[in-house]
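The numbering of the sequence shown is our numbering, which starts it at 3 and goes up by one.
Note that CB positions come from ideal geometry on N, CA and C, so glycine has one too.
Note that the structure is a prediction, hence the values are computed from the model and not measured.
Notes for the one structure printed next.
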Amino acid sequence: MDNVDAQIADKVQQLSDLELATLLCLVAEQHCIIQADEDSLDGLEQELRLIACDVFGLSSAVLHCSERTCLDDFSAAILTHADGDRHESSTAKHATGEHSDTLPKTKFPSFEPVRTSDPTDALGNRRIPNIVILRDLDSANHHVQIQTLELIRAKRIFTRTEVQAAPKRFLVIALLSKQSEKRLNSHLNDQFFISHYHAPQDGLPNSEEHEVDLDDASSASSVLHTSFLDVLPESRTDPHPLFPQESITTLQLLTSRTLISAPVLAYLHNITIYLRLHRFVSAPTITATATRHFRLLTRALAPLHALSYVPPSLVALAARKVYMHRILLVRPEEERSMQWGSDIEAVREAMVGVSVEGVVEEVLGAVEAPL
Numbered sequence: 003m004d005n006v007d008a009q010i011a012d013k014v015q016q017l018s019d020l021e022l023a024t025l026l027c028l029v030a031e032q033h034c035i036i037q038a039d040e041d042s043l044d045g046l047e048q049e050l051r052l053i054a055c056d057v058f059g060l061s062s063a064v065l066h067c068s069e070r071t072c073l074d075d076f077s078a079a080i081l082t083h084a085d086g087d088r089h090e091s092s093t094a095k096h097a098t099g100e101h102s103d104t105l106p107k108t109k110f111p112s113f114e115p116v117r118t119s120d121p122t123d124a125l126g127n128r129r130i131p132n133i134v135i136l137r138d139l140d141s142a143n144h145h146v147q148i149q150t151l152e153l154i155r156a157k158r159i160f161t162r163t164e165v166q167a168a169p170k171r172f173l174v175i176a177l178l179s180k181q182s183e184k185r186l187n188s189h190l191n192d193q194f195f196i197s198h199y200h201a202p203q204d205g206l207p208n209s210e211e212h213e214v215d216l217d218d219a220s221s222a223s224s225v226l227h228t229s230f231l232d233v234l235p236e237s238r239t240d241p242h243p244l245f246p247q248e249s250i251t252t253l254q255l256l257t258s259r260t261l262i263s264a265p266v267l268a269y270l271h272n273i274t275i276y277l278r279l280h281r282f283v284s285a286p287t288i289t290a291t292a293t294r295h296f297r298l299l300t301r302a303l304a305p306l307h308a309l310s311y312v313p314p315s316l317v318a319l320a321a322r323k324v325y326m327h328r329i330l331l332v333r334p335e336e337e338r339s340m341q342w343g344s345d346i347e348a349v350r351e352a353m354v355g356v357s358v359e360g361v362v363e364e365v366l367g368a369v370e371a372p373l
């Protein structure tokens, strides 16, 4: 690697887990699921918005989904004003289904709440931002999830008056609760590149940094602010982000040049086969799309580690990120050995304590890695 590539690799080592997940998706031009504990989602939402503007210089929008969120809510919330990178958010009412004119005031005092009562309100002057954060997407109804699938696959959404195209640099982040038992639509779920669980101990460095800056500013001006987001300007993209588009383009070029040897490629495919044939895994969840994402992630990880080739360790790391949100465990009555007369109570006992994480680790331990 030359000096420029080495500088990028050095910057990567300074990234937090959320920043690294976002970077990987931007390099691969794919989308991700971020999971966290329920009581951490508010802070995580703010952290992701700060990552978008400070680290990557990108615009963002947030939609809080519920089963009452409609397509008009979806379109109005994720379309931002074309005359600036204004951040907007919309929280769908969980209990009454009321629109945003009855919602609590937004944290941005200079912003008007997103109006969804008039679907044609100024949509012609809006555009899809670079990063769309869909909180509790698994709670959304079928129609909203299908609209999200259309947005991911075709990079466009249909409003009542026109078709809105997504920008070239575009990322959808599904922000989900780890405790939620709901699942995304299977086709939508398969389109997400990776999933990542953000543990509370990993912290929120961007939020903490901004809170410190606001504390200093408040001390100097004797003005109190309830939240660092209250003082964000309307146009909130950093003109000098840590990872500008040039760095992303360089990483994409390095990814395309990354080499995978035949033994490592065989190792990758053996992991896929072992997962598909595992007795407790529903085979249809190990899809062709997942395999493509698996290969792409292994290549994208290499330049982030200052490597021009893929070692087996990166393959194992990629497997943990690609398959965790995809694998669905079978029910005891559908377990493969039941076809040959196994006792269902014995199968139930064997499945006690089985988890998706445990299955992936079991497969990684069973498949022999090349030397």
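Residue interval of the alpha helix (DSSP H) (run including residue i)
| i | result |
| --- | --- |
| residue 193 | 188-193 |
| residue 296 | 290-306 |
| residue 76 | 73-80 |
| residue 361 | 358-368 |
Contact set for residue i: own chain, Cβ-Cβ below 8 Å, skip 5 residues either direction
| i | result |
| --- | --- |
| residue 23 | 34, 36, 196, 198 |
| residue 289 | 192, 328 |
| residue 42 | 200, 202 |
| residue 310 | 3, 256, 259, 260, 261, 304 |
Neighbour flag for residue i against chain D, beta carbons, 7 Å
| i | result |
| --- | --- |
| residue 33 | This model lacks chain D altogether, as it is built from one protein chain only. |
Whole-number beta carbon distance between residue j and residue i, since they are thought to touch under 8 Å
| i | j | result |
| --- | --- | --- |
| residue 256 | residue 7 | 7 Å |
| residue 132 | residue 77 | That belief does not hold up - the Cβ atoms of residue 132 and residue 77 are roughly 17 Å apart, past 8 Å. |
| residue 365 | residue 326 | Actually they are not in contact, since the Cβ atoms of residue 365 and residue 326 sit about 12 Å apart, beyond 8 Å. |
| residue 73 | residue 134 | About 15 Å; that fails the 8 Å criterion. |
| residue 1 | residue 80 | What the structure shows of the chain is the stretch from 3 to 373, and residue 1 is not part of that stretch, so it cannot be assessed. |
| residue 272 | residue 358 | Not confirmed; about 19 Å, so no contact. |
Residues near residue i in its chain [Cβ-Cβ closer than 7 Å; skip 5 each side]
| i | result |
| --- | --- |
| residue 302 | 26, 29, 30, 257 |
| residue 182 | 140 |
| residue 250 | 28, 29 |
| residue 53 | 20, 21, 24, 208 |
| residue 157 | 167, 168, 172 |
| residue 170 | none |
| residue 10 | 249, 252, 253 |
Buried versus exposed, by CB contacts within 10 Å (16 or more), residue i
| i | result |
| --- | --- |
| residue 200 | buried |
| residue 279 | exposed |
| residue 354 | exposed |
| residue 274 | buried |
| residue 367 | exposed |
| residue 346 | exposed |
| residue 401 | Look at the range of the chain in this structure, 3 to 373, and you will see that residue 401 is not part of it. |
| residue 300 | buried |
| residue 49 | buried |
| residue 75 | buried |
| residue 12 | exposed |
Residue j beta carbon less than 7 Å from that of residue i
| i | j | result |
| --- | --- | --- |
| residue 243 | residue 58 | yes |
| residue 269 | residue 314 | yes |
| residue 312 | residue 304 | yes |
| residue 295 | residue 317 | no |
| residue 82 | residue 142 | no |
| residue 40 | residue 179 | yes |
| residue 190 | residue 150 | yes |
Close-in-space but distant-in-sequence residues of the same chain around residue i (CB under 6 Å, 5 per side omitted)
| i | result |
| --- | --- |
| residue 265 | 372 |
| residue 176 | 35, 136, 139 |
| residue 331 | 282 |
| residue 154 | 33, 174, 193 |
| residue 293 | 274 |
| residue 338 | 281 |
Endpoints, the beta strand (DSSP E) within which residue i is located
| i | result |
| --- | --- |
| residue 197 | 196-199 |
| residue 446 | Look at the range of the chain in this structure, 3 to 373, and you will see that residue 446 is not part of it. |
| residue 66 | 62-66 |
| residue 259 | It is not in any beta strand (DSSP E) - residue 259 instead sits in the alpha helix (DSSP H) that spans 247-259. |
| residue 346 | Unbroken run through residue 346 is the alpha helix (DSSP H), 346-353; no beta strand (DSSP E). |
| residue 38 | 34-38 |
| residue 142 | No beta strand (DSSP E) contains residue 142, which DSSP labels as neither H nor E. |
| residue 329 | No beta strand (DSSP E) contains residue 329, which DSSP labels as neither H nor E. |
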